[in-house]
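A.B. asks: Residue numbers (our numbering), protein chains in the order written: chain A, 13 to 465; chain B, 13 to 465; chain C, 13 to 465; chain D, 13 to 465.
Backbone N, C-alpha and C define an ideal beta-carbon position, used for all residues, glycine too.
On a predicted model such as this, the values are computed, not experimentally measured, just so you know.
Okay, here's the structure, questions in a sec.
There are 4 protein chains.
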Amino acid sequence: MSIKLWQKADAAIDARAEQYTAGDVGLDQRLVKADVLGSIAHARMLQKIGILTADEFAALRAELVDILRLDAAGRFVLTVQDEDVHTRVENHLVAALGDPGKKIHTARSRNDQVALDMRLFIKESLLGVEGGLLDAVDAFLGFARRYEWTPMPGYTHMQRAMLSSVGLWVASFAESLLDDRALLGAVYDIVDQSPLGSAASYGVPLPIDRQYAAELLGFARVHNNVLAAQHGRGKHEGMVVQALGQVMLDLSRFAQDVVLFTTSEYGFFTLDQSLCTGSSIMPQKRNADILELARGQASVVQGLAQQIMATITGLPSGYNADVSLTKRPVMQAFDITLGTLGICALAARSLTPNEAALRAALSPEVFATDAAYDLVAQGVPFRDAYRRVAADLASLAPVDPEPALKERTHQGASGNLGLGQIVTHLESARADLAERTERFQAPLQALVDGAIA
Amino acid sequence: MSIKLWQKADAAIDARAEQYTAGDVGLDQRLVKADVLGSIAHARMLQKIGILTADEFAALRAELVDILRLDAAGRFVLTVQDEDVHTRVENHLVAALGDPGKKIHTARSRNDQVALDMRLFIKESLLGVEGGLLDAVDAFLGFARRYEWTPMPGYTHMQRAMLSSVGLWVASFAESLLDDRALLGAVYDIVDQSPLGSAASYGVPLPIDRQYAAELLGFARVHNNVLAAQHGRGKHEGMVVQALGQVMLDLSRFAQDVVLFTTSEYGFFTLDQSLCTGSSIMPQKRNADILELARGQASVVQGLAQQIMATITGLPSGYNADVSLTKRPVMQAFDITLGTLGICALAARSLTPNEAALRAALSPEVFATDAAYDLVAQGVPFRDAYRRVAADLASLAPVDPEPALKERTHQGASGNLGLGQIVTHLESARADLAERTERFQAPLQALVDGAIA
Amino acid sequence: MSIKLWQKADAAIDARAEQYTAGDVGLDQRLVKADVLGSIAHARMLQKIGILTADEFAALRAELVDILRLDAAGRFVLTVQDEDVHTRVENHLVAALGDPGKKIHTARSRNDQVALDMRLFIKESLLGVEGGLLDAVDAFLGFARRYEWTPMPGYTHMQRAMLSSVGLWVASFAESLLDDRALLGAVYDIVDQSPLGSAASYGVPLPIDRQYAAELLGFARVHNNVLAAQHGRGKHEGMVVQALGQVMLDLSRFAQDVVLFTTSEYGFFTLDQSLCTGSSIMPQKRNADILELARGQASVVQGLAQQIMATITGLPSGYNADVSLTKRPVMQAFDITLGTLGICALAARSLTPNEAALRAALSPEVFATDAAYDLVAQGVPFRDAYRRVAADLASLAPVDPEPALKERTHQGASGNLGLGQIVTHLESARADLAERTERFQAPLQALVDGAIA
Amino acid sequence: MSIKLWQKADAAIDARAEQYTAGDVGLDQRLVKADVLGSIAHARMLQKIGILTADEFAALRAELVDILRLDAAGRFVLTVQDEDVHTRVENHLVAALGDPGKKIHTARSRNDQVALDMRLFIKESLLGVEGGLLDAVDAFLGFARRYEWTPMPGYTHMQRAMLSSVGLWVASFAESLLDDRALLGAVYDIVDQSPLGSAASYGVPLPIDRQYAAELLGFARVHNNVLAAQHGRGKHEGMVVQALGQVMLDLSRFAQDVVLFTTSEYGFFTLDQSLCTGSSIMPQKRNADILELARGQASVVQGLAQQIMATITGLPSGYNADVSLTKRPVMQAFDITLGTLGICALAARSLTPNEAALRAALSPEVFATDAAYDLVAQGVPFRDAYRRVAADLASLAPVDPEPALKERTHQGASGNLGLGQIVTHLESARADLAERTERFQAPLQALVDGAIA
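In structure tokens:
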């Protein structure tokens, strides 16, 4: 049985309270890697300021790297009795090494450990989501290029409105996602501050070198005010999940469109059969289940953002245990968003337009505005032209959509989608992501390898 | 490898889509019992209308009861490939029994199965929560009785306001929870309609006997309109979690009070040490972690309610896969609420008032309103009396709180708490719960035992 | 300029703070009637216990009734300087009557006044919503009866699934709304407790008669524990708006269906042109704007419920000013829900089915399950029958839908909708509403008329 | 009576539908300025491409500038019959000018007008909030500098934890707000794309110059894909309100702290009496109402963000009327946030520490960790030192807090707050804001002045 770090000789915690406070150890399991890396960096910093000897640090680093190995092999499994990952790691180090294990917690608290672990987890996950996002952009872009000139009706109020194109429709998702990427990037930068050294929320009366620890861990900077650093917990999680909720918003729109456009009534697209599910009772069914779920998961992620914000709002300063409840929703939100990006990219690569159905839907009234503009070209003021067309809709003639598409030449219209700009944007985003991923990983790898300056 | 019920010979589902749609099989695992019981009832109904023979039914029932046994022993474990609990059960029956297994899905769909499973799950869980709630009421009531006449300051705006008592404070939670019980009961009654026979959402062209199946399963009535029955999915979950959110609201208030009143600054109560946690860095800490978590979990549950509502709002009629996303939050909300009721009852039984601190906090200004009423008794209009007292607060004399408590004799005030009414209410609620629990369990037990009318 | 009730001679409130705390006086304006009625009842109770003379009460009642008259004429308009409705009314009474005005606040606080005002407002509004709900049920029911036997496809996953009918579709909304009515009724009963006498949250040291005041105001009972009574504030608002959110959920489904079913692609129904809006640019547009808004307003109301719950969760016991922020969302939610019920009833009465389009959509695959059941009738186990049909969907023949509708004879299916039950349910609900409305209004009218026991 | 732009000769809209769709014209009233400026820019662009003559443009510009004048004087008041600001402006222009008025809607839709109006509104409001935020940072910074060396206890779990300082506490808000500013800036950049030319969602078949119109209006760039531009509606509102919710989160923490620290029990600070409100019943009350409201308003703003996201999630592509429901919450959120920033700045400037109370609260156990570190300095491993101190808490001696504060020398601790960095950050933020404000205003002023390139 495990001993809590704070446990006094004469006191046992009530089992129901232990269970209630332990929460889901599966969440902490996902933080083992970050906790170990943070511990190596912290120990190295303690060595630098003379609290650990070089030998003690070496022993600790070796044992911590061993935990990584055990964890990767599924042999470092947390239990409710462990309380949390930090306790488990310290107990492991004490059991293995004795005094050096008892020293590693000098000048830190589990509060700054978990703040650190979550930031590393969030940074890594944001990079992963960004990768998934760029892949989805790539899928939408490819789709848009394949069908850049395929006409389709554009809808407003879910009513046929004006001429559009498959390219215009699909490229809209690529562009919206790239806007989301800017938001994710801004959030990444806000999160990219090292909380190490904030301790329980008020720092420590020891001359620790926060800047050095931050550099070892690859942070852009130290989160200066120790109390503000602690308050980042929950706040960052909220920001992150809100940003993920924006990604999900775009994907939910795509999902809703596909569900709609693959109905018998629209029939605009066919989703590859390998992505459809069936019914246990109706032999004929081919359901776009994955896209219904993608649609619904957007609300889940947004609900998680709200949950996080509600949980932490109104708390007084300093660490409060409520913030620990933000672990689960942030992890769940990352899992869902990454999965949904993949599913939507898959769907975007597996959709085939039914050009006949698309063309059939381009009934004459879709071109009513064009007819008004024809009158405008003859000098009729627009509002009069509009009224004249409206009064005689029945006389609208069918229009050949391809040339009409090409007549929409202004920036961002179907005849001038600017897909080349998206390509350029995507390429630079990929380069940037690769560079940031390297900046994230290299110092952490150095901690594992012991290649520390 | 498992075969989907709807799988065609020539089609394999993409592994990523399978993973994405399978979700968390751990959720379905919790529905095995309900699914099996529903299947027994459905099979019995099929026998009644001549679709199954008595032998076929007997074989199915025996095999289904065996699944209960396997599940209880942890030997009926769902996997991602199983798709869901319904598929797994049908596949199991077909493997064990052949044709009878292939017949059991006659006149039903997984849609009405899961609707049924969730309603049984919700009913059972509501009864469990109601039990936990009554136990918490009992704990608050006991606390109120022990300290009915212990004076404490009452706060408004978090400022000392007027004389109150420990009894008044604690009894308020008992009463609020009993109000919540009324809400839970109303929701229970709405959920207590059998969806069986709604099939995929549109019923079936077979003369099934929905009333009979409903009775076998102990439902109060059939959910009549088959489409409305399907729309109950998600809607019920939302109602339920909103009602749980009301319970959590009360508990969060108690939790916040205890966190506050056990600070050094208030020092009004001491929480038993077995319920406190410590700090890894600060040797002196005794934290009421459990109550901080209780406070925060209220926001989690309320966020889950919002998540459910947002997920299902705006969906068109008929089953949509989005509703399957409501399984997780409803289960999570039940777990949290039940756990938090237990924790708060535990805390209520483990709190000791520090009477000296309570008395010390009853500074003279707490009785300023009483002083104004003294002037009122002398014929001064209240507003003038108020102004006179306000102008000379410094002259307020200390007041002996015990007699003052007893002077508050009107209904519901500290001198007339009506705890006897709460006792009576609690007793009748317990009797009612026992009766409803019996009404829930007896028919289900009869299905297991084969003691079916 | 108005004087605050609590204002001291030497202190002026900062104008920015005054503005910030005053909030929106338009909200309080809606409470004038309730505040006046509550004041009459309170004053009568004060007379009963000897704090006011009969003459003082008579003068106060007359002046209070005069405020009702002024308010109805738009001549009792609150301003930011008034702080709130309670202050304005008291200042008005003092100005008009002198000492009796200064006495009316004896044994009460603005806290219990506003709690009372909100409960009266909520009770009245709930009765109004219930009326709107029953009218919507009536509209859906009428629609269902007109087209009980009109076939339409039923959808799951937004894909054609099985045979349904206009009657089945529309009756589902009537039934769901009647379930909501049960929830609204339960909430009404919880709210129907008089908070008067709870004062600032801790009662008063005066022998007030809470039961008498409650009866004068038509409450079912006294909200016993004075602190619990105060905690009802916000909590009730949350419950109410959650219940309204359930009503909106049903309406959003109807709205989404109509938006969908009136597209060119479905073309199942035509919405009367007087309910459609147009486009400023596209001459041909006929938009079901009102139903898009109805759909979206469901999320607004649900968001308001969440807002209320988040605002009050985590607050400590006793009045806290945060709860005053729940006034706006509860009023907004009532306005939206009442308006949307009316709009949906209007739409339900203005929709015309396009029977040809409905029939055309009943393509053979809609009857695939029926085909499987035909094989079942020949002794083929269902799962085999299902697979056989699935393997040869192309051979499915068209089916005449009318007889097929009538073959669905089990309870709640298209051939056995049970509309008669809904009629009965609606009639009894109307009688009940009339009875409860009388029970609400009669005592309040008596207060105005001075016909007090 | 006003005529709708789309109204046909033979059709009247039902009054109930008109009322329901019109919503709150007060919201549109706030968009008059933006709508007029957008119309000037659009007209100028139409002149550039030859659709309007120079004279027509001049007449339109003059009339539009006149609307600005009328609006400023409160003489351009929208009514329900106006439908919206766009219709009212066009009708006004047609009435005043005839044909030029009928031409101005060429190549645009109310959809891109409102998208434009909202972006201008959001940009201007974001700049305003940023100003309020920097002023609040200034107030917190000033507070931190005044009391940089005033010791106070630091709390975790609301229990006394370690030594902190007023400076550390208050500076934390300044730093968190500066993080929020980064988020607001990122959102501003995403919003800073001109939607003009997206028309109903699909562009127009006219060679409009979107880049030119964007420049006239001071946008950083064109929102390229016309459909993505439309989808920005609601999405931007959601992002903005989420970011405002982060600001409110910080303020709610400050508010909660002040409410707590000004109780009798803490007594750490006194809030200037001009910012306190009283009670109508309790003569002694001094309530920090403004800060309770600030605390609660955080939940309101966050609820509005969730409301917006829920309203728009799941909508299909193209304009849908649901997005119009996002106007109200975004305006409300801006009003609240701006007001709350002002209130918190006011409070930060009006709080006085009670140094004796702060010092009295620094009981010996606050220094328990320091005692453990003393043992660490003597070579005891931290965990052993911790246990030794924990075992003998009673022997902890009082500590002089001032020198202890100064011993916390690492970055961000109480002895090394880095206030100078905040000063620098604030100065550069102010310069940046001034520059961006100029970039926002100058082109709009040029439109009014007619000084257009």
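Express the C-alpha separation of D/Asn366 and C/Ile464 in angstroms, rounding to a whole number.
C.D. replies: Spanning the two alpha carbons is a distance of roughly 55 angstroms.
A.B. asks: For C/Gly424, which residues in chain B fall below 9 angstroms Cβ to Cβ?
C.D. replies: Neighbours of C/Gly424 on chain B, chain order: Gly209, Ser210, Gly215, Arg222, Val234, His235, Asn236, Asn237, Val238, Leu239, Ala240, Ala241.
A.B. asks: Taking the alpha helix (DSSP H) that D/Leu256 belongs to, which residues open and close that run?
C.D. replies: Taken as a continuous stretch (DSSP letters only), the alpha helix (DSSP H) holding D/Leu256 covers 238 to 273.
A.B. asks: Taking B/Pro455 as the query, report the chain C residues whose CB atoms sit under 8 angstroms from its CB, ordered along the chain.
C.D. replies: Neighbours of B/Pro455 on chain C: none; closest Cβ ~19 angstroms, over 8 angstroms.
A.B. asks: To test your reading of the DSSP string, which unbroken alpha helix (DSSP H) runs of 4 or more residues are found completely within the segment 114 to 180 of chain D?
C.D. replies: Whole alpha helix (DSSP H) segments, 4+ residues: 122 to 158.
A.B. asks: When the Cα atoms are used, what is the spatial distance from A/Ala409 to A/Pro376?
C.D. replies: In a straight line, the C-alpha of A/Ala409 is about 6 angstroms away from that of A/Pro376.
A.B. asks: Using CA atoms only, rank isn't needed, just tell me which of D/Asp78, D/Arg81, D/Gly308, D/Leu287 is closest to D/Arg298.
C.D. replies: The candidate whose alpha carbon is nearest that of D/Arg298 is D/Leu287.
A.B. asks: Three or more beta-carbon pairs under 8 angstroms between the segment 332 to 343 of chain D and the segment 247 to 259 of chain D, yes or no?
C.D. replies: Enough Cβ pairs lie closer than 8 angstroms, so yes.
A.B. asks: Kindly list the residues whose CB is nearer than 6 angstroms to the CB of B/Phe273, restricted to its own chain and excluding five residues on each side of it in sequence; keep chain order.
C.D. replies: Around B/Phe273: Phe280, Phe281.
A.B. asks: With distances taken Cα to Cα, identify the nearest neighbour of D/Ala240 among A/Asp191, A/Arg120, A/Leu239.
C.D. replies: Selected option, being the one with the closest Cα: A/Asp191.
A.B. asks: Using the three-state DSSP reduction, which class does C/Leu429 fall into: helix, strand or coil?
C.D. replies: Coil, per DSSP.
A.B. asks: From A/Asp150 to A/Ser440, what distance separates their C-alpha atoms?
C.D. replies: Cα to Cα, the separation comes out at about 13 angstroms.
A.B. asks: Ordered along the chain, which non-local residues of its own chain (more than five positions away) have a Cβ less than 7 angstroms from that of B/Tyr167?
C.D. replies: Ala173.
A.B. asks: Going along the segment 82 to 115 of chain A in order, which residues come within less than 9 angstroms of chain D, judged by CB to CB distance?
C.D. replies: Of all residues in the segment 82 to 115 of chain A, Glu102, Val106, Gly110, Asp111, Pro112, Gly113, Lys114, Lys115 have a Cβ within less than 9 angstroms of some Cβ in chain D.
A.B. asks: Which stretch, first to last residue, makes up the alpha helix (DSSP H) that contains A/Pro295?
C.D. replies: A/Pro295 -> no alpha helix (DSSP H), and no H or E assigned at all.
A.B. asks: Would you say C/Gly330 faces chain A, with C-beta separation under 8 angstroms as the test?
C.D. replies: It does not: the Cβ of C/Gly330 has no partner Cβ on chain A nearer than 8 angstroms.
A.B. asks: Can you list, in chain order, the residues of its chain whose CB lies under 8 angstroms from that of C/Met13, leaving out five sequence neighbours each side?
C.D. replies: In this prediction, C/Met13 scores a pLDDT of 42, lower than 50, which makes its location untrustworthy; no coordinate-derived value is stated.
A.B. asks: Please list the partners that C/Val307 has in chain B, where partner means a Cβ-to-Cβ separation under 7 angstroms.
C.D. replies: The question names Val, yet the displayed sequence has Arg at residue 307 of chain C. Under the 7 angstroms cutoff, chain B gives Gly326.
A.B. asks: Under a Cβ-count criterion, where at least 16 other Cβ atoms within 10 Å of its own Cβ denotes burial, should C/Asp347 be classed as buried or exposed?
C.D. replies: It counts as exposed.
A.B. asks: Does A/Arg233 pass the burial test, meaning 16 or more other C-beta atoms within 10 Å, or should it be called exposed?
C.D. replies: Exposed: under 16 other Cβ atoms inside 10 Å.
A.B. asks: Among residues of its own chain, excluding the 5 on either side of C/Gly143, which ones have a beta-carbon nearer than 7 angstroms to its beta-carbon?
C.D. replies: So the list reads Leu445, once near-sequence residues are dropped.
A.B. asks: List, from N- to C-terminal side, the beta strand (DSSP E) runs of 3 residues or more that fit wholly inside the segment 279 to 347 of chain B.
C.D. replies: The qualifying runs are 281 to 283.
A.B. asks: Of all the CB atoms in chain D, is at least one closer than 8 angstroms to the CB of B/Met170?
C.D. replies: Output row for B/Met170: interface = yes.
A.B. asks: Which of the three DSSP states, helix, strand or coil, is assigned to B/Met13?
C.D. replies: Residue placement at B/Met13 is flagged as unreliable, the pLDDT there being 42, under the threshold of 50; the coordinate-derived value follows with that caveat. DSSP places B/Met13 in coil when its eight states are reduced to three.
A.B. asks: Residues bridged to B/Val234 by DSSP?
C.D. replies: In DSSP, B/Val234 forms a bridge with B/Ser206.
A.B. asks: D/Tyr17 touches chain C at which residues, Cβ-Cβ below 7 angstroms?
C.D. replies: In the sequence under discussion, the amino acid at residue 17 of chain D is Leu, which differs from the Tyr named in the question. Simply Ser292.
A.B. asks: What would DSSP say about D/Pro217, mapped onto helix, strand or coil?
C.D. replies: D/Pro217: coil per DSSP, three-state reduction.
A.B. asks: Specify whether the segment 110 to 119 of chain D and the segment 211 to 228 of chain D touch according to this definition: at least 3 beta carbon pairs, one from each stretch, less than 8 angstroms apart.
C.D. replies: Output reads yes: the segment 211 to 228 of chain D touches the segment 110 to 119 of chain D.
A.B. asks: In chain order, what residues of the same chain have a beta carbon less than 7 angstroms from the beta carbon of B/Phe69, not counting five sequence neighbours either side?
C.D. replies: So the qualifying residues of the chain are Ala55, Arg56, Gln59.
A.B. asks: Could you check what DSSP says for D/Leu363 in three-state terms: helix, strand or coil?
C.D. replies: In this structure, D/Leu363 counts as strand in the three-state DSSP scheme.
A.B. asks: Which of the three DSSP states is assigned to C/Asp201 in this structure?
C.D. replies: Correct three-state label for C/Asp201: helix.
A.B. asks: Taking just the CA atoms, how far does C/Ser426 sit from C/Gly197?
C.D. replies: Rounded to whole angstroms, C/Gly197 to C/Ser426 spans 29 angstroms at the Cα level.
A.B. asks: Mind listing which residues of the segment 369 to 395 of chain D have their C-beta closer than 7 angstroms to chain A's C-betas, in chain order?
C.D. replies: Result list: Asp382, Tyr385, Val388, Pro393, Phe394, Arg395.
A.B. asks: Does A/Glu249 get closer than 8 angstroms to chain B when you measure Cβ to Cβ?
C.D. replies: It does not; no Cβ of chain B falls within 8 angstroms.
A.B. asks: Assuming D/Gly257 contacts D/Ala317 under a Cβ cut-off of 8 angstroms, what Cβ separation, rounded to an integer in Å, is found between them?
C.D. replies: The Cβ separation is near 5 angstroms, so the contact holds.
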